[in-house]
Amino acid sequence: MAIMAGAAAAAATIPRLIKRQSDYKIFEIRISDAPKRVIETRLRLLSELVRSIGFSHGFATIASTCSRTGCNLYVILPPDDKLEKLLEGLFPEADIRVHSGNLETVLKGGRGDTIIPSNLLPGVELGQDQVVTRGEILIGKRIEDRRPIYASVDEFWRHTGVFGTTGSGKTTTTTFIISQLGRHVNVIVFDWHGEYPSNLKKIGAEYQELDPPPLPIIPDNLDIEITVNVLEDAFDLTRHQSMLLYQALKSMKRRDVIPNELEEFTDALLATVEVQQAVPSRAELEIRAALERRLRSLVTGEGRKYFSVKGTLMKMSERGITVVRVDRILLMPLRRVYVKMFLAFLYYTALSRNTTLNTIVVIEEAHNIASNDTRTIPSILAEARKRKLGLIIVTQSPSSLHPSVLKNTNIRIVHTLKSAQDIAVVSRSMSIPQELRVKLSRLPVGHAIIDTPQLETPQLAYIPVAELASKLQDEI
Ligand SMILES: Nc1ncnc2c1ncn2[C@@H]1O[C@H](COP(=O)(O)OP(=O)(O)O)[C@@H](O)[C@H]1O
Ligand SMILES: [Mg+2]
């Protein structure tokens with residue numbers, strides 16, 4: 000029986016340590032006669048002491064097993080003599096063994112001196128009969144037998160859907176998944192409500208948090224055609240409007256008169272549009288006015304902060320989680336445009352450079368940006384996996400998404416849904432069997448019907464995030 004930190008807790012803490020450095024020491028503490036409660040208290044004390052002498056990140060209790068004859072604890076500490084002494088002082092009756100060596104190998108349960116029992120380690124050699132599906136990312140545990148359902152990182156390139164009514168657990172589930180994905184790939188979260196930093200903190204995951212960086216309307220490295228396509232989609236322009244925009248931009252580019260300031264840019268652009276409509280008809284004037292209204296929203300107030308005319312896109316990291324706080328963009332239409340343009344430019348940049356992105360993007364409240372979208376999101380879903388750009392589409396309203404969005408998700412996690420329409424749409428696209436389907440409208444928080452390519456049929460499962468959170472309390 001694990002008392003402190005089981006496999007899930009290890010999953011959250013180990014990579015952080017590995018990332019930091021490799022020369023930690025693992026202490027195996029064998030205690031034969033101390034009650035569980037006493038051990039827990041001492042470990043908490045150890046946590047506090049470690050923190051008080053300044054090791055704010057480098058400590059973790061990894062795992063423990065207890066039987067009737069005693070407990071084995073596994074603790075990782077930075078290589079510091081003071082800490083070793085401390086440990087000995089705290090567990091005077093225990094038999095303490097120190098292991099060093101290649102921490103990564105040890106923790107992954109690889110060959111060599113595997114110290115920690117493999118059944119306490121995340122996602123490794125659990126034995127064919129113990130896991131439902133395999134992979135690096137734990138998604139949930141089956142309700143009937145608590146067996147874990149894993150997915151491989153590569154399965155995420157073909158996109159993920161997380162559905163459920165408000166409060167059903169979508170954001171928590173997504174946080175749980177990306178906290179694991181972030182160790183393997185780059186993860187960008189468009190944080191619609193500003194919830195991710197605290198959620199990630201709760202489960203001990205590392206991340207960086209960003210104010211939305213200014214987004215260039217005409218990114219340096221992209222063709223005008225692409226810019227216009229993206230703007231057409233982001234602003235819901237009619238064909239005619241986008242045609243005008245295209246001609247104007249092209250002419251400005253040819254004459255090399257694109258100004259740097261947003262305000263001037265809009266003026267110059269609209270002036271160019273005007274010139275092109277030598278004798279504007281009423282209809283054309285209306286088109287110009289509509290175009291103007293839309294572009295003006297970028298240059299007034301908030302827009303100025305989050306958009307620029309030219310520039311390059313944010314540089315992507317190789318690995319780790321970046322939370323982009325789009326909740327700070329207060330004007331909803333602006334927020335939508337921002338997320339959509341960001342995503343589109345990301346994709347088209349990879350396309351034009353013929354590179355892969357190795358990036359998972361979380362789109363929270365996806366119905367806001369993908370509901371009447373027939374272009375950006377559907378085409379990214381259909382094409383982006385070649386570029387290793389995987390989306391996690393999170394929404395309370397799957398039925399309002401373009402049908403291709405549902406079709407193009409590979410991993411689906413469905414929390415409780417109340418609307419008959421949502422239930423119908425999701426059940427149909429996932430072929431959820433009738434006996435599960437009837438449960439969909441009354442699943443408890445954190446429970447979900449999960450489908451992945453490795454599963455023969457969708458499974459009823461829970462997301463073990465509470466297990467993780469409560470077991471992380473002893474980690475600093
Ligand atoms: N798997 C889970 N285990 C335990 N509590 C959960 C779980 N998922 C969600 N919760 C709790 O339920 C509440 C709502 O979760 P949240 O993820 O914000 O829902 P949603 O994003 O669907 O609105 C939160 O307080 C969260 O802590
Ligand atoms: Mg949410």
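Numbering-wise (numbering that gives the first Met the number 0), the sequence shown opens with residue 0 and increments by one.
The beta-carbon is built from N, C-alpha and C at its ideal position, and this holds for glycine as well.
Completely contained beta strand (DSSP E) runs for the region 387-424, where each covers 3 or more residues:
Fully enclosed beta strand (DSSP E) runs of 3 or longer: 388-394, 410-413.
What are the residues that DSSP puts in a beta bridge with Ala150?
Indexing the sequence shown from 1 puts residue 150 at position 151. Looking at the DSSP assignment, Ala150 forms a beta bridge with Ile136.
Pull the bridge partners of Gly160 from the DSSP assignment, please.
On the sequence shown, residue 160 is found 161 positions in, with the first residue counted as 1. Ile392, Arg411, per the DSSP bridge assignment.
Distance cut-off 7 Å: Lys201 Cβ against heavy atoms of ligand 2:
In the sequence shown, counting from the first residue as 1, residue 201 sits at position 202. Lys201: no, Cβ never under 7 Å from ligand 2.
Any residue with its Cβ nearer than 6 Å to a heavy atom of ligand 1 should be included. What is that list in chain order?
This selection yields Gly163, Thr165, Gly166, Ser167, Gly168, Lys169, Thr170, Thr171, Val444, Gly445, Ile462, Val464, Ala465.
Could you pull out every residue in the same chain whose Cβ sits closer than 6 Å to the Cβ of Pro377, ignoring the five residues on either side in sequence?
Within the sequence shown, numbered from 1, the residue matching residue 377 stands at position 378. Excluding sequence neighbours, Pro377 sits near His401, Ser403.
Ignoring anything shorter than 4 residues or poking outside the region 251-289, list the alpha helix (DSSP H) runs there in chain order.
Listed in chain order, the complete alpha helix (DSSP H) runs (minimum 4 residues) inside the region 251-289 are 261-275.
Going by C-alpha distance, which of Ser280, Thr321, Glu262, Val37 is nearest Arg293?
Start at 1 with the first residue of the sequence shown, and residue 293 comes out as number 294. The candidate whose alpha carbon is nearest that of Arg293 is Glu262.
Checking 8 Å against the spacing of the C-beta atoms, do Asn534 and Arg318 come in under that value?
Limits of the chain in this structure are 0 at one end and 475 at the other, which puts residue 534 out of reach.
Would you call the region 449-464 and the region 170-177 in contact, with 3 or more CB pairs under 8 Å?
Judged by pairs of C-beta atoms under 8 Å, the region 449-464 touches the region 170-177, as three or more such pairs exist.
Hey, could you find the ends of the beta strand (DSSP E) Pro196 is sitting in?
As a first step, residue 196 must be located in the sequence shown, where it is residue number 197. Unbroken run through Pro196 is the alpha helix (DSSP H), 195-201; no beta strand (DSSP E).
Counting pairs of beta carbons, one from the region 353-372 and one from the region 128-146, are three or more of them closer than 8 Å?
By the Cβ criterion, the region 353-372 is not in contact with the region 128-146, since fewer than three pairs of Cβ atoms, one from each stretch, lie closer than 8 Å.
From Gln458 to Arg427, what distance separates their C-alpha atoms?
Locating residue 458 in the sequence shown gives position 459, where the first residue counts as 1. Locating residue 427 in the sequence shown gives position 428, where the first residue counts as 1. Looking at the two C-alpha atoms, the distance is approximately 15 Å.
Along the chain, where does the beta strand (DSSP E) that runs through Asp450 open and close?
If you number the sequence shown from 1, residue 450 lands on position 451. In the DSSP assignment, Asp450 falls within the unbroken beta strand (DSSP E) covering 446-450.
Per DSSP, what kind of secondary structure is Asn185 in: helix, strand or coil?
The residue given as residue 185 occupies position 186 in the sequence shown. Correct three-state label for Asn185: strand.
Thr348 burial status per 10 Å Cβ neighbour count (16 or more: buried)
As a first step, residue 348 must be located in the sequence shown, where it is residue number 349. Buried, because 16 or more other Cβ atoms sit within 10 Å of the Cβ of Thr348.
With a 10 Å radius around its C-beta and 16 neighbouring C-beta atoms as the bar for buried, classify Leu44 as buried or exposed.
Translated into the one-based positions of the sequence shown, residue 44 becomes position 45. Exposed: under 16 other Cβ atoms inside 10 Å.
Cut-off 6 Å between Cβ atoms - residues of its own chain near Phe344, not counting five sequence neighbours on either side
As a first step, residue 344 must be located in the sequence shown, where it is residue number 345. Cβ within range, chain order: Pro218, Leu312.
Range of the contiguous alpha helix (DSSP H) that encloses Thr170:
If you number the sequence shown from 1, residue 170 lands on position 171. Boundaries of the alpha helix (DSSP H) around Thr170: 169-180.
So, is Ser396 buried or exposed, given that buried needs 16 or more other C-beta atoms within 10 angstroms?
Numbered from 1 along the sequence shown, position 397 holds the residue referred to as residue 396. Buried, by the Cβ-count rule.
Kindly list the residues whose CB is nearer than 6 Å to the CB of Gly160, restricted to its own chain and excluding five residues on each side of it in sequence; keep chain order.
In the sequence shown, counting from the first residue as 1, residue 160 sits at position 161. Excluding the 5 residues flanking it on each side, Gly160 has same chain C-beta neighbours closer than 6 Å at Ile392, Thr408, Arg411, in chain order.
Cβ-Cβ distance between Pro215 and Ser307 below 8 Å:
Here residue 215 is taken as the residue at index 216 of the sequence shown, counted from 1. Here residue 307 is taken as the residue at index 308 of the sequence shown, counted from 1. Yes, the Cβ-Cβ distance between Pro215 and Ser307 is below 8 Å.
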